[in-house]
Amino acid sequence: MITAATLGLTSCDNESGLDTSKPAASIPALPGVSATTTTTKTKPASAPVDYTRLLLQARDISATGDAYVDQPPTANPDSRPGAEVLFVNEEQTKAVSILLVALDNPADGPSALAEAQAGLKKAVTPGPPQSSIVGTGGTVVAGNSPDGTKSVSVLLFTEGSTLARIEFDGLPGQPAGADFVTNVGQKQAIALRVGLPTP
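Be aware that the sequence shown starts at 58, since it is given in this note's numbering, and climbs by one per residue.
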């Protein structure tokens, strides 16, 4: 039985190979991520984006017969611009975690995706990565957790200057369906595309 305690919000950093047993303050930043907003003499700084309002909600991922409950979202995890949230189904056998991280600019997307994918071995014993139609550079890596206690599928993509990582955890041998992964990813990509300010 997967419990909310074992699938806490710190699991949202699994995609970048971060050690979730450490305090958030010890987590290194992803490439191209800036925790500060700079200003120039000719252009005032834009207002910071509230990424929590761009996260999906439980109703967005709940399917017939499999309802999810969301925990309160966290803004700017580890002082990085972005947000994260965890959803757990009512039976506590499945979980979906979403992490959004702001990048300095869209050009940083490929390097951020590459580093995130390289670090996945710390969270999942993966099969070969599969391309995804979601966002830019969409990639899905699926397998089991290193200790074999759960199935893990991770969808990585960028939308504009935001890196998104969506992790789907389930019982061993019961990975998230490909259609479900794509559907959730597309909804999150649309929320970012519509909600992010125009550069």
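The beta carbon of each residue, even a glycine, is placed where N, CA and C say it ideally should be.
With fewer than 16 other beta carbons inside 10 angstroms of its own, arginine 110 counts as exposed. In this structure, glycine 192 lies away from alanine 171, with their beta-carbon atoms at least 8 angstroms apart. DSSP lists Ile155 and Leu212 as the bridge partner or partners of isoleucine 223.
Under the three-state reduction of DSSP output, aspartate 123 falls in the strand class. DSSP places asparagine 162 in the coil class of the three-state scheme, outside both helix and strand. Judged by pairs of C-beta atoms under 8 angstroms, the stretch 200-211 does not touch the stretch 157-170, as fewer than three such pairs exist.
No residue range can be given for threonine 255, since it is assigned to no alpha helix (DSSP H) and is classified by DSSP as neither H nor E. Collapsing the DSSP output to three states places threonine 131 in a strand.
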